[in-house]
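Notes to accompany the following structure.
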Amino acid sequence: SAPTSSYLVGLVIGKYQTVLLGDPGPGGVPQHGHIPAHLLGDFSRDFARQPQMMEVFQELFGPYPFDEYAVVVTEEELDVPVEAQGLSLFGANHVDGARGSERLVAHELAHQWFGNSVSIADWRHIWLNEGCAKYAEWLWSERSGGRTAEQLASAAHRLLSSLPQDLRLSDPGRKSMFDDRLYERGGLVLHAVRCALGDIAFFRMLRGWGQLHRGGTVTTAAFTAHVARFATEPVDELLQAWIHGTTLPPLPGAERRATG
Ligand SMILES: [Zn+2]
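Residue numbers (this note's numbering): 87 to 346.
Listed below in structure tokens is the structure:
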């Protein structure tokens with residue numbers, strides 16, 4: 087019933103057991119898993135916290151944009167999980183019974199808000215999808231008792247500073263649109279914006295973004311203009327350096343720590 091980009095249509099054919107994840111309760115989002123029978127035990131441990139994740143993300147990003155959410159675990163191994171509309175596909179290798187891929191469970195769920203409900207106008211803007219989904223991994227970690235977003239941002243920054251700095255987020259080119267550096271730097275943009283805006287304005291900005299563009303398409307320019315509306319200090323220079331530059335800007339957050 088929602089506008090859907092053609093690349094977000096997924097079809098999976100196989101023998102699956104269907105399980106309900108959590109109890110949606112009145113007004114909650116029904117969440118199902120479609121799993122090969124022999125992976126059910128590991129799956130139920132690995133995806134046990136997804137209903138909690140759904141609650142946290144609805145609090146941070148706004149109401150879940152679709153009627154339901156399903157995950158499929160295929161018999162095959164997949165390089166990476168893939169998001170589809172109201173659905174995510176994981177490979178058998180993403181299930182280990184030890185929550186080894188939980189950050190990816192968060193990543194794919196977050197794409198329902200960032201990428202699916204709000205889609206990009208063309209592939210140059212892919213960092214908007216992947217940066218937001220990467221930052222959602224960090225937020226889930228922070229909210230579920232793992233490393234904080236600040237610690238994860240610092241680790242990402244360390245990693246990027248050791249890699250070639252020739253990738254431009256705003257136009258990565260066809261070959262680099264799924265480069266790991268685009269994900270990490272994209273996550274850092276969100277963290278930089280959070281540090282600049284403060285938590286209250288930052289999450290208001292994120293929820294507003296989802297609400298305003300639900301069922302529509304967006305661009306990098308629309309995002310930077312949207313962020314500017316929630317900032318009390320100018321953010322142009324900051325966004326310019328992170329999104330349109332190639333050199334890695336300093337780790338965000340130092341100012342926030344200094345001022346409390
Ligand atoms: Zn992704």
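Heads up, the beta-carbon is just placed ideally off N, CA and C, and yes, glycines get one too. Predicted model, so just to flag it, every value in this text is computed and none were measured.
By how many angstroms is the C-alpha of residue j removed from the C-alpha of residue i?
{"i": "Thr90", "j": "Glu169", "result": "12 Å"}
{"i": "Thr104", "j": "His118", "result": "7 Å"}
{"i": "Asp132", "j": "Ala156", "result": "15 Å"}
{"i": "Tyr221", "j": "Gly183", "result": "24 Å"}
{"i": "Glu162", "j": "Phe316", "result": "44 Å"}
{"i": "Val191", "j": "Gln144", "result": "15 Å"}
{"i": "Phe147", "j": "Trp199", "result": "7 Å"}
{"i": "Asp153", "j": "Tyr102", "result": "22 Å"}
{"i": "Trp224", "j": "Val158", "result": "23 Å"}
{"i": "Leu334", "j": "Val313", "result": "20 Å"}
{"i": "Gly273", "j": "Cys218", "result": "6 Å"}
{"i": "Met291", "j": "Met140", "result": "19 Å"}
{"i": "Arg280", "j": "Leu238", "result": "14 Å"}
{"i": "Leu97", "j": "Ser130", "result": "23 Å"}
{"i": "Val142", "j": "Tyr150", "result": "11 Å"}
{"i": "Leu126", "j": "Gly177", "result": "13 Å"}
{"i": "Gly259", "j": "Arg267", "result": "13 Å"}
Does the beta carbon of residue i fall short of 7 Å from some heavy atom of ligand 1?
{"i": "His312", "result": "no"}
{"i": "Asn202", "result": "no"}
{"i": "His197", "result": "yes"}
{"i": "Asn215", "result": "yes"}
{"i": "Ala219", "result": "yes"}
{"i": "His211", "result": "no"}
{"i": "His180", "result": "no"}
{"i": "Glu169", "result": "yes"}
{"i": "His330", "result": "no"}
{"i": "His299", "result": "no"}
{"i": "His193", "result": "yes"}
Apply the 10 Å Cβ neighbour rule to residue i and answer buried if 16 or more other Cβ atoms are within range, or exposed otherwise.
{"i": "Leu173", "result": "buried"}
{"i": "Thr160", "result": "buried"}
{"i": "Ser247", "result": "exposed"}
{"i": "Asp128", "result": "buried"}
{"i": "Ile347", "result": "Since the first residue of the chain shown is 87 and the last is 346, residue 347 is not available in this structure."}
{"i": "Gly301", "result": "exposed"}
{"i": "Thr310", "result": "buried"}
{"i": "Gly201", "result": "buried"}
{"i": "Phe264", "result": "exposed"}
{"i": "His330", "result": "exposed"}
{"i": "Glu194", "result": "buried"}
{"i": "Glu270", "result": "buried"}
{"i": "Glu216", "result": "buried"}
{"i": "Glu323", "result": "exposed"}
{"i": "Ala282", "result": "buried"}
In terms of DSSP beta bridges, what is residue i paired with?
{"i": "Tyr155", "result": "Gln117"}
{"i": "Val142", "result": "Val142 pairs with nothing; no bridge assigned."}
{"i": "Thr104", "result": "His120"}
Segments of 4+ residues assigned as alpha helix (DSSP H) that fall wholly inside the region 156 to 209:
188 to 196, all fully within the region 156 to 209.
Going residue by residue through the region 251 to 335, where are the continuous alpha helix (DSSP H) segments of at least 4 residues, counting only ones entirely within it?
Those alpha helix (DSSP H) runs which fall completely within the region 251 to 335 and span 4+ residues are 266 to 283, 285 to 298, 306 to 316 and 322 to 325.
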